[in-house]
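K.L.:
Residue numbers (my numbering): 8 to 126. For every residue, glycine included, the Cβ atom is placed at its ideal position computed from N, Cα and C.
Written out as C-alpha cells, the structure is:
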C-alpha cells in the first residue's frame, strides 16, 4: 500500500470516528467537548491568522487581513474593499490618514450625542 492511500485511509477513519463520537454524544443528550482554552501568548491553530499589531496614540491596535474599520460620517462602520491588494506603502499611508479621520469622526459623533442628551 502506498503512503498516500494509507494516509487517506487514516484521515477517513479518524473523520468517521469523530462523527460517530458526536452522534453518540447527541443520542446521550451530551454536548460535544470544547477544545481547551489557549494559554497566554499561545497562537491559535488557524494558519490564516494574519494579524498585524500597530500603535495608535500609544495604544496597541490589532488589524486582521481584512484591514482597518472605517467610521463613516453617520457612524456606520465599513472596511476598505481593496485592502488585500494594497502595497505596504499604500497601507501605511491609508492607516495614517484613516486613524486621524476616524478619531475626528468619533469625536464629532460623541459631541453630537452629548448635545442631544443636554437638550
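1) How is the beta strand (DSSP E) around residue 80 delimited, first residue to last?
2) Can you give me the C-alpha to C-alpha distance between residue 116 and residue 85, rounded to a whole angstrom?
3) Determine the burial state of residue 39: buried for a count of at least 16 other Cβ atoms within 10 Å of its Cβ, exposed for fewer.
4) For residue 72, which of 112, 81, 95 has the nearest alpha-carbon?
5) Quick one: Cα of residue 92 to Cα of residue 83, how far?
6) Give every residue of the same chain whose Cβ lies closer than 7 Å to the Cβ of residue 54, excluding the five residues on either side of it in the sequence, and list them in chain order.
7) Going by DSSP, which residues form a beta bridge with residue 66?
P.N.:
Concretely, from the data shown:
1) Per DSSP, residue 80 belongs to no beta strand (DSSP E) and is neither H nor E.
2) Each residue's Cα considered, the two are about 16 Å apart.
3) By the 10 Å Cβ count, residue 39 comes out exposed.
4) 95
5) 24 Å
6) Here residue 54 scores only 45 on pLDDT, less than 50, and its place in the model should not be relied on; the value that follows carries that caveat. Here the set comprises nothing.
7) 63
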